[in-house]
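Residue numbers (mature numbering (1 follows the signal peptide of the UniProt record, and there is no 0)): -18 to -1, 1 to 616. Taking it in order: structure first as structure tokens, then the write-up.
Below you can see the structure in the form of structure tokens.
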């Protein structure tokens, strides 16, 4: 009897152990491990539409982390707010053999704000846990279920966003009542498997044994080559506000319903607006005056509170409190314009680098920010209302050159924000450098930045900062090996262009190397190209130069008495489809004059021209680093 019981317990223990032994690393094909720091073993995302105002997400994720460079994948989180409830969340850690190392319950997760320190009104929170392990490889399993009290967003699907994480199995599933069939648009994916599940329709996409393409610098947006599925509802509801998303016009009507009745401002503010603009006949000048009033009166805070993620504070609230988020400040700006009998339009846009491509025939929420569009008789003015130092009418890299949804009295329509062309993005520098017999120098440098180049190293954000902060900007952005700052000045020269001027007085210690009667130095003072594209066996994607620009450096070197160039390099010229470069050296009675000019052309170029691009940059680097040899004749 005793032996039978022992054997039964033994077999039971073996069975339990085997059940836990789920994800041994040995089950991963070598083809998925080579060159990767992690492998997704399984990932499934099931989105279920329950009705116009309720949906559900069931998510299961298993990843094997092969080495330390993939350890960030062991930091897990799931967000929630008053409209999103976490029904369950758990995680498990496995060793290389698939043995359970740790099980994590809901109570083990840390509950914290998602955006503390950035938002003063927010209910965005997250369950968070760090499961990084000391030894590799190991596997993390992560599962959660969410109940959503809305149907505004349906998660889009991208097959991958990391080119060093391969995929063993991944799936995306939509489940919905036939009366609420969502719209979808797939790119580089097969048609989904269609099923009927408990009276509901289902669309299922499955992907197996996939090795991602390597990301390449200067590539088009990933949407042009990564498998993806965009999904959006037709009819939806968010926090009690019902809408339809089958056209931009109807989507705009929903946004209009959120904004309705929120444009009233204080009577004394209306009087202030009239006082500020009473003697001004030009509408553009009126808009500029009111924009400056907004900048001086208000400051930006983030509002992330239920419908507050979409609905602006009332303009009256901003008027009294003098702060708001992008929605509230834009709405307030529109109210100020209304008081001056000028129409401004609430414009929803994506703010940041790498904006998504907005498909004109597939309305959905591509956006995360709001600006104001002011159509005038001769042009259109664009207003970024969250910045206290932004030049009037300037959008820049943050919201320039992309599609946006302008909300009008009739709904909405797509518009395109300004493109900043290369010839307008200039950096014009002139300098006088006085060299002494010991190789030290004094330099007076004036640089004018215009167009997108006012954002170089964040320059535009430093105009209103302290002198100490501005000095740090000078120290960090001045590409001279050794210098002391004698004096500096940063100022806005022309807001309409816009143009920022930077004046520097510098001491250049050991600027030239001295050996006997010879001096050696590089005449390109502070604008040397050092970028060379990565060496590739074969370029796969097209080449994108996002921003064109024009740089001109004019440097005058005053030399010590009886010191002359031993020889002058030839003029350097390089021309390609990507841009043009020229640098020249000449002596006259005032010393050595060095002039450098480079013009880069924005555009998309065939992958087959990658070697030409590489050769062009190599030529620039070589020319920019030419040294001059001076000889003392005393």
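Using N, Cα and C, we set each Cβ at its ideal position, and we do this for glycine too. Keep in mind it's a predicted model, so treat the numbers as computed, not measured.
CA-to-CA distance, residue j to residue i, given in whole angstroms
i	j	result
residue 231	residue 536	53 angstroms
residue 474	residue 138	42 angstroms
residue 604	residue 317	56 angstroms
residue 613	residue 593	39 angstroms
residue 527	residue 398	20 angstroms
residue 312	residue 297	9 angstroms
residue 615	residue 552	23 angstroms
residue 345	residue 483	42 angstroms
residue 126	residue 248	47 angstroms
residue 110	residue 70	13 angstroms
residue 4	residue 450	58 angstroms
residue 341	residue 228	13 angstroms
residue 212	residue 233	17 angstroms
residue 532	residue 433	10 angstroms
residue 93	residue 63	12 angstroms
residue 596	residue 88	52 angstroms
residue 542	residue 572	11 angstroms
residue 574	residue 608	14 angstroms
Cut-off 6 angstroms between Cβ atoms - residues of its own chain near residue i, not counting five sequence neighbours on either side
i	result
residue 57	112
residue 363	269, 356 and 375
residue 550	567
residue 439	459
residue 26	42 and 153
residue 339	205
residue 293	240
residue 602	511 and 563
Secondary structure of residue i, DSSP reduced to three states
i	result
residue 187	strand
residue 165	strand
residue 20	strand
residue 248	coil
residue -15	Unreliable placement is indicated for residue -15, whose pLDDT of 43 sits below 50; the coordinate value is still reported in the next sentence. Here residue -15 sits in helix by DSSP.
residue 530	coil
residue 405	helix
residue 461	coil
residue 201	coil
residue 107	strand
residue 118	coil
residue 233	helix
residue 508	coil
residue 315	helix
residue 266	helix
residue 682	Outside the displayed span of the chain (-18 to 616) sits residue 682, for which this structure offers no information.
residue 220	strand
residue 364	strand
residue 12	helix
residue 41	strand
residue 473	strand
Residue j beta carbon less than 8 angstroms from that of residue i
i	j	result
residue 255	residue 322	yes
residue 86	residue 165	no
residue 621	residue 128	Since the displayed the chain opens at -18 and closes at 616, residue 621 lies outside it and no answer follows.
residue 470	residue 486	yes
residue 186	residue 175	yes
residue 371	residue 442	yes
residue 488	residue 394	no
residue 221	residue 14	no
residue 75	residue 10	no
residue 583	residue 404	yes
residue 381	residue 301	no
residue 142	residue 194	yes
residue 505	residue 539	yes
residue 384	residue 327	no
residue 96	residue 81	no
Cut-off 8 angstroms between Cβ atoms - residues of its own chain near residue i, not counting five sequence neighbours on either side
i	result
residue 600	514
residue 491	422, 464, 465 and 466
residue 377	353, 364, 366, 399 and 400
residue 278	370
residue 119	7, 46, 47, 48, 49 and 78
Nonlocal neighbours in the same chain, by C-beta distance under 7 angstroms from residue i, ignoring five residues either side
i	result
residue 37	29, 30, 31, 130 and 133
residue 160	183
residue 324	265, 268, 269 and 356
residue 135	347
Requested in this report: Could you say if the segment 563 to 577 and the segment 502 to 514 meet the contact criterion of at least three C-beta pairs nearer than 8 angstroms?
Outcome: yes
Query raised in the report: Hey, is the segment 409 to 423 in contact with the segment 255 to 264, meaning 3+ C-beta pairs nearer than 8 angstroms?
Result: no
Report task. Report yes or no: do the segment 203 to 213 and the segment 10 to 23 share at least 3 C-beta pairs separated by less than 8 angstroms? Result -> no
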